[in-house]
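See below for the structure under consideration.
Residue numbers (the working numbering): 79 to 329.
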């Protein structure tokens with residue numbers, strides 16, 4: 079969230095990548111093209127309440143996406159649509175809802191909340207300083223999709239002849255950031271003192287995935303529980319961080 083809010087121009091420039099990919103797909107006769115969009119395309123006025131109902135695919139219009147990143151994603155969705163209409167390029171578009179899991183970024187500014195929380199909890203545990211900073215008031219709500227569900231969903235969407243429109247690909251298990259911290263603390267076996275940085279980037283107040291259409295069209299939806307995915311993610315990040323600390327001491 080920090081990178082997205084502080085680098086709107088760079089996020090918009092990503093449209094060049096998508097443009098060149100679509101042009102090359104058309105030129106070389108690609109049979110089927112996948113575009114990974116984002117729930118950030120959804121209208122901001124539908125995400126003001128932490129008790130948000132699941133966002134439906136139709137909620138992207140009238141357009142009011144997240145500034146910068148969301149606009150680029152929505153524009154690229156439209157490009158896919160028009161390349162299908164004008165040139166016959168078969169495209170599939172999925173709106174990701176916060177993908178996480180092992181082998182993803184966990185520091186540097188581009189990590190998702192699950193990885194960031196794991197890093198902070200692990201750092202507190204390894205240092206013995208049992209404190210954690212949370213961006214915002216911790217009440218903002220999200221859903222998080224484990225990477226295995228994401229990969230499974232992409233395959234199903236790409237093989238489908240029914241999903242010819244942008245579709246949600248995300249878990250419907252909504253949690254607050256405070257609840258996410260609770261889960262990671264429980265996995266780590268620690269309890270931390272929390273401080274809230276109210277001036278830090280926090281995104282919209284509430285966002286969750288309505289999976290009605292993906293269940294109707296594919297008879298499937300992401301189903302890996304957040305706790306299960308977080309246990310695997312925590313274990314991988316812990317090994318990475320503990321390993322780095324051991325290497326530093328040896329050096």
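Think of the CB as a built atom: it goes at the ideal place given N, C-alpha and C, for glycine as much as any other residue. Keep in mind that this is a model prediction, so the values were computed, not measured.
Start-to-end residues for the beta strand (DSSP E) that takes in residue i
i           : result
residue 286 : Here residue 286 belongs to no beta strand (DSSP E), and DSSP marks it neither H nor E.
residue 81  : Residue 81 -> not in any beta strand (DSSP E); alpha helix (DSSP H) instead, spanning 80-84.
Pairwise C-alpha distance: residue j and residue i
i           : j           : result
residue 100 : residue 120 : 23 Å
residue 103 : residue 276 : 44 Å
residue 90  : residue 245 : 22 Å
residue 96  : residue 272 : 40 Å
residue 136 : residue 204 : 45 Å
residue 199 : residue 144 : 29 Å
residue 147 : residue 313 : 30 Å
residue 237 : residue 209 : 47 Å
residue 83  : residue 279 : 7 Å
Proximity of residue i and residue j at Cβ, strictly below 9 Å
i           : j           : result
residue 223 : residue 300 : yes
residue 256 : residue 127 : no
residue 221 : residue 262 : no
residue 179 : residue 310 : yes
residue 187 : residue 281 : no
Contact belief for residue i with residue j at Cβ below 8 Å, rounded distance in angstroms
i           : j           : result
residue 171 : residue 158 : 6 Å
residue 287 : residue 248 : 3 Å
residue 270 : residue 202 : 5 Å
residue 108 : residue 219 : The Cβ separation is near 38 Å, so there is no contact.
residue 315 : residue 193 : 6 Å
The alpha helix (DSSP H) enclosing residue i, as first and last residue numbers
i           : result
residue 152 : 147-165
residue 333 : Given a span of 79 to 329 for the chain in the structure shown, any question on residue 333 remains unanswerable.
residue 183 : Element bounds for residue 183: n/a, residue is neither H nor E.
residue 199 : 191-205
Exposure label - residue i; buried when at least 16 CB within 10 Å
i           : result
residue 191 : buried
residue 165 : exposed
residue 211 : exposed
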